[in-house]
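Reading through the structure tokens given below for one structure.
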Amino acid sequence: MKFLTLLLWGCLFTLWCLPTNAMHHKKKGKKMMQAKAPYEYYEERGLFETGLKPIFPKEVTCARVASYFGSKTRYDGSKRNNSHHGYHNGMDISLQQGHHLLAMSDGEVVHKGSAGKLVGNYIWLKFSPNDSGMSQTIFARYQHLQRASPLEIGQRVKKGDIIGRSGKTGTIGGYFGSHGYPHLHLNLLVSQDGKYQTKGAMLGPKSMHYLDPIGLFVNTPLKSLDNHQLRQLPTEQKNVAIAVKTQFQFLPKEAKIIWPVTCPE
Ligand SMILES: [Zn+2]
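Throughout the sequence shown, residue numbering follows my numbering, covering 904 to 1168 in sequence.
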């Protein structure tokens, strides 16, 4: 009798369990497809906080960094939710709409457009070693511009040129609701050979690594511009002096790379 009861319960359990398990696996499969690549892939490409902090010249007032590169939170402390495991792939500076966005170095416009939600109006600049004095080519995407940049693809820019104005395009309707969130999201990629292709708002190939924008101002000689190396710097070298453009001048004058927004004196 005991055996029969066990058998009956066993059958009932199997009948209930099999379809539930199948459903569970199906759900899991769908979820895994959405997550795209494992975090290790992004870690390799430098997607993590480096611990670098900007130190601005005493004479100026610069908008603070509202969310650092690699941060898992937004400016308001809320947790990020994105396809790259919640890590921030750029640096956010909160700004009033219409603030001047600046070319960080001499360079060239290589791409621009509007990508709607999350990106908005954007522009990609290329800073070659000859222009920036850096050892590698840097590609920079400025996002959420108020209007499409007036610059044309192929056009040369000089350090400090206004490449557009800050806005909130691409931030409306999602987490930030109908009001949006005016800010600059700046996304930097490092390339060994300077070759690139574009797909939608993205620029590749994927062999390029992410770069914490503050890393461009680090004075310590590095083998290469690499977030892994920046992360390993001793604490005292992580407070980085930033060169800026005010409404009157560059500080310091000879800087080849400057902060991407105007800092008034
Ligand atoms: Zn951002």
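By construction, the Cβ of each residue, glycine as well, lies at the ideal position given by its N, Cα and C atoms.
In this structure, S1081 has its beta carbon at no less than 8 Å from each heavy atom of ligand 1. Inter-residue distance for L955 and N1122 is about 12 Å (C-alpha atoms, whole angstroms). As a beta-bridge residue in DSSP terms, H1003 pairs with R1068. Unbroken alpha helix (DSSP H) runs of no fewer than 4 residues, entirely contained in the region 1093-1156, are found at 1130-1134, following chain order.
Applying a distance threshold of 5 Å between residue Cβ atoms and the heavy atoms of ligand 1 selects G993, D995, H1088, given in chain order. Boundaries of the alpha helix (DSSP H) around E947: 942-947.
With a cutoff of 9 Å on beta-carbon distance, D1115 and L1087 are scored as not near each other. Here N1090 is bridged, per DSSP, to R1044. In the DSSP assignment, N1033 falls within the unbroken alpha helix (DSSP H) covering 1032-1035.
Here K939 is not near G1063, since their CB atoms are 9 Å or more apart.
A1146 is classed as buried because its beta carbon has at least 16 other beta carbons within 10 Å across all chains shown.
Here F951 is not near N1090, since their CB atoms are 9 Å or more apart.
Three or more beta-carbon pairs separated by less than 8 Å link the region 1094-1114 to the region 1036-1044, which places the two stretches in contact. A contact between stretches requires three or more CB pairs, one per stretch, nearer than 8 Å, and the region 1011-1021 meets this requirement with the region 1055-1075. Under DSSP, V1060 takes part in a beta bridge, and its partners are G1010. Residue nearest to F1151 within the set C1166, W1162, I1161 is C1166 (criterion: CA-CA distance). As far as DSSP is concerned, V1022 takes part in no beta bridge. S1031 and L1106 have their C-alpha atoms roughly 15 Å apart.
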